[in-house]
Amino acid sequence: MADRSLRGMRLGTQSLQSEVGVEFSPRKKSVYRTADGETFEMVFAADAEVPGVWESAKSGMEGVLLDDEGVAVISEAVETKIPRSHWDMLLERRTRPELEELLQERLDFLRARRGQQKIGA
1 MADRSLRGMR LGTQSLQSEV GVEFSPRKKS VYRTADGETF EMVFAADAEV
51 PGVWESAKSG MEGVLLDDEG VAVISEAVET KIPRSHWDML LERRTRPELE
101 ELLQERLDFL RARRGQQKIG A
């Protein structure tokens, strides 16, 4: 029975699907150049935003996007927000003396809960 179901097929070498009627999405090639002069191509969707820098798969170096004439595309620097730490956000809401006072209140409260007396009181 197994012989009959596999007759005429080579396992794993052929697909039963054809490419008839398949429409591929529009694409565009972008060329990048690394610092050592190596150029490589990347294929992106036609409506995708092409990044100005891409890492080469061969060398691992970053390549800069080239235009149609082979000149490096200079992208305007996007102003990034400097990440704020929790401490920075806290200092926006309270002054340092207020924070020291709150800390002392909490320490007194915790010491009283544990049965410890405040030193110097």
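Numbering-wise, UniProt numbering puts 108 at position 108 of the sequence shown, and it's gapless, one number per residue.
No residue lacks a Cβ here, since even glycine has one placed at the ideal position from N, Cα and C.
Beta carbon of residue i, beta carbon of residue j: below 8 Å?
i          : j          : result
residue 41 : residue 56 : no
residue 15 : residue 65 : no
residue 61 : residue 77 : no
residue 45 : residue 18 : no
residue 72 : residue 33 : yes
Taking only the alpha-carbon atoms, compute the straight-line gap between residue i and residue j and give it to the nearest angstrom.
i           : j           : result
residue 27  : residue 43  : 7 Å
residue 74  : residue 52  : 8 Å
residue 106 : residue 63  : 54 Å
residue 123 : residue 23  : The structure shown has nothing for residue 123, since the chain only spans 1 to 121.
residue 111 : residue 104 : 10 Å
residue 114 : residue 86  : 29 Å
Looking at the strands, I want to know which residues DSSP matches up with residue i.
i          : result
residue 72 : 66
residue 54 : 63
Taking only three categories from DSSP, how would you classify residue i?
i           : result
residue 77  : coil
residue 93  : helix
residue 111 : helix
residue 84  : coil
Next item on the list: With a floor of 4 residues, list each alpha helix (DSSP H) that falls wholly inside the stretch 13 to 50, ordered by position along the chain.
Entry: none
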